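Peer 1:
Numbering (this note's numbering), first residue to last: 11 to 420.
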């Protein structure tokens with residue numbers, strides 16, 4: 011009988027098995043492996059326990075957010091931004107709103123109170139995302155207790171978020187031109203109480219992990235990402251700063267009221283998994299510093315740009331006046347009339363730089379919308395970063411990169 015060649019229809023597997031030596035093994039890690047933190051699949055070629063080649067395979071979620079955005083008004087897309095990095099929905103809301111506001115030319119007209127509240131939302135989101143990222147990294151490397159500490163503080167943040175927005179997870183709190191409502195009574199006091207409690211919990215995590223022999227052995231010198239490689243691959247956020255690049259949009263290209271606030275940008279020296287952990291620990295402390303300043307200096311005034319063409323009239327006027335009723339109907343069904351043009355805006359999110367490119371032909375719906383997802387860009391380094399490490403090190407490396415597949419597969 012004639013010999014037939016083995017057909018491998020899967021592109022990732024075919025790439026990993028090209029010219030594979032006889033004594034090497036090809037293994038699937040994911041897409042349902044608990045340590046891949048979502049539906050990430052990595053096809054690894056192994057020589058014993060050492061990774062020789064790694065091919066990340068993404069796209070299992072099939073989100074289609076960018077195309078969805080082109081079929082609804084700018085305001086209607088806000089709830090979809092909650093589902094990008096779903097560990098930091100408030101920060102996604104703010105980044106998207108700032109991009110649309112840049113298109114409208116009102117990004118520099120936001121009321122001071124709105125800017126401060128938005129910054130507080132972003133920093134609460136950063137702390138929440140980092141807490142889960144560090145808790146998951148600790149659990150991946152065998153430290154269960156840390157996860158319980160971090161999850162306790164995240165529950166407190168969710169209580170604050172629910173008090174502010176009415177929802178715990180998918181908030182949709184931001185509006186184009188401001189916020190859907192002002193902060194409720196007692197919320198600032200609750201944030202003020204949270205700051206020292208969270209600081210104490212971060213110190214506990216620091217004490218449990220930073221000099222823990224097992225954790226240090228699992229992370230120090232593992233997954234070393236050089237400064238040049240981080241820049242070449244477009245890695246951003248704590249992963250970039252962990253490699254020694256002191257770049258943070260909040261400092262380098264300030265937006266909202268960040269230029270008025272005092273905080274530091276922590277950076278690493280080696281660029282390994284341990285440095286990325288240390289950067290996130292210190293970033294949470296800096297975020298608490300920012301929250302403290304915002305609570306102390308929160309200005310009074312409105313939380314929406316005073317432009318009646320953008321925001322909905324009050325319910326009282328809608329129910330009593332025909333002009334306001336018609337205006338609300340147009341805003342809800344057609345959206346506000348955005349000018350034609352192209353804009354790009356990116357914000358410093360917990361996972362890195364989240365950017366929105368909007369191409370408008372006028373009207374209430376974007377002609378094109380593209381999302382620069384930091385998790386997608388940060389994962390591009392895997393095929394370069396994993397080879398040479400042990401298979402067991404992959405778990406620690408993935409945890410230290412702290413990605414979210416909902417954002418990656420946007």
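Ideal placement from N, C-alpha and C gives every residue a C-beta, glycine not left out. Since the model is a prediction, treat every value here as computed from it, not as a measurement.
Does DSSP put residue 49 in a helix, in a strand, or in coil?
Peer 2: coil
Peer 1: What does residue 367 pair with, by DSSP beta-bridge criteria?
Peer 2: 354 and 380
Peer 1: Would DSSP call residue 348 helix, strand or coil?
Peer 2: strand
Peer 1: Might you give, ordered along the chain, the residues of its own chain that have their beta carbon closer than 6 Å to the beta carbon of residue 75, omitting 5 neighbours on each side?
Peer 2: 90 and 420
Peer 1: My output table needs one value for residue 62: the three-state DSSP class, helix, strand or coil.
Peer 2: strand
Peer 1: For the beta strand (DSSP E) holding residue 36, just list the boundary residues, first then last.
Peer 2: Going by DSSP, residue 36 is part of the beta strand (DSSP E) stretching over 35-39.
Peer 1: Where does the unbroken alpha helix (DSSP H) through residue 283 begin, and where does it stop?
Peer 2: Residues 283-307.
Peer 1: How long is the line joining the alpha carbons of residue 258 and residue 276, rounded to whole angstroms?
Peer 2: 10 Å
Peer 1: For residue 38 and residue 162, I'd like the C-alpha separation in whole angstroms.
Peer 2: 34 Å
Peer 1: Using only CA atoms, which one of 405, 397, 402 and 403 lies nearest to residue 55?
Peer 2: 397
Peer 1: Under 6 Å Cβ to Cβ from residue 309, same chain only, skipping five residues before and after it: list those, please.
Peer 2: 122 and 123
Peer 1: Between residue 365 and residue 382, how many whole angstroms is the CB-CB distance? I'm expecting something under 8 Å.
Peer 2: 3 Å
Peer 1: Please report the distance separating the alpha-carbon of residue 107 from that of residue 115.
Peer 2: 12 Å
Peer 1: Buried or exposed for residue 362, going by 16 or more other Cβ atoms inside 10 Å?
Peer 2: buried
Peer 1: Taking 7 Å as the limit between beta carbons, can you name the residues of its chain near residue 260, skipping five residues before and five after?
Peer 2: 268 and 358
Peer 1: Extract the residue ranges of the alpha helix (DSSP H) inside the segment 101-161, only unbroken runs of 4 or more that lie entirely within it.
Peer 2: 122-150
Peer 1: Compute the Euclidean distance between the alpha carbons of residue 13 and residue 390, then round it to the nearest angstrom.
Peer 2: Reliability fails at residue 13, whose pLDDT of 47 lies under 50, so the model's placement of it is uncertain and no value is given.
Peer 1: In this structure, how does DSSP classify residue 54 when only helix, strand and coil are distinguished?
Peer 2: Three-state result, residue 54: strand.
Peer 1: Using a Cβ-Cβ cutoff of less than 7 Å, which residues in the same chain neighbour residue 414 once the five nearest sequence positions on both sides are dropped?
Peer 2: 48, 95, 96, 97, 361 and 385
Peer 1: Output needed for residue 119: all residues of its chain with C-beta closer than 7 Å, excluding positions within five of it in sequence on either side, in chain order.
Peer 2: 315
Peer 1: Just to confirm, are residue 164 and residue 182 a CB contact at a threshold of 8 Å?
Peer 2: no
Peer 1: Taking the Cβ atom as the reference point for each residue, do residue 368 and residue 186 lie within a distance shorter than 8 Å?
Peer 2: Contact flag unset, no.
Peer 1: Is it true that the segment 327-343 meets the segment 238-255, where meeting means three or more beta-carbon pairs spaced less than 8 Å apart?
Peer 2: no
Peer 1: Classify residue 9 as buried or exposed, calling it buried when 16 or more other Cβ atoms lie within 10 Å of its own Cβ.
Peer 2: Here the chain has residues from 11 to 420 only, and residue 9 is not among them.
Peer 1: Give the range of the alpha helix (DSSP H) segment to which residue 89 is assigned.
Peer 2: Where residue 89 is concerned, the enclosing alpha helix (DSSP H) stretches over 88-92.
Peer 1: Are the beta-carbon atoms belonging to residue 84 and residue 345 less than 8 Å from one another?
Peer 2: yes
Peer 1: Measure the alpha-carbon distance for residue 11 versus residue 79 and round it to whole angstroms.
Peer 2: Here residue 11 scores only 45 on pLDDT, less than 50, and its place in the model is too uncertain to base an answer on.
Peer 1: Of all the options 380, 333 and 175, which has the alpha carbon lying nearest to the alpha carbon of residue 110?
Peer 2: 380
Peer 1: Which complete alpha helix (DSSP H) runs does the segment 382-406 hold, if anything under 4 residues is left out?
Peer 2: 384-389 and 392-395
Peer 1: Using CA coordinates, which residue listed in 61, 190 and 67 is at the minimum distance from residue 41?
Peer 2: 67
Peer 1: Can you tell me whether residue 388 is buried or exposed? The criterion is at least 16 other CB atoms within 10 Å of its CB, across all chains shown.
Peer 2: Buried.
Peer 1: Can you confirm whether residue 112, when its beta carbon is compared against all beta carbons of chain B, has any partner nearer than 8 Å?
Peer 2: Structure shown: chain B not included; a single protein chain is present.
Peer 1: Residues in the same chain with beta-carbon distance under 8 Å from residue 173, minus the five sequence neighbours each way, listed in chain order, please.
Peer 2: 194, 196, 197 and 200
Peer 1: Per DSSP, what kind of secondary structure is residue 411 in: helix, strand or coil?
Peer 2: helix
Peer 1: Could you round the C-beta distance between residue 61 and residue 404 to whole angstroms and report it? I think they count as a contact, below 8 Å.
Peer 2: 7 Å
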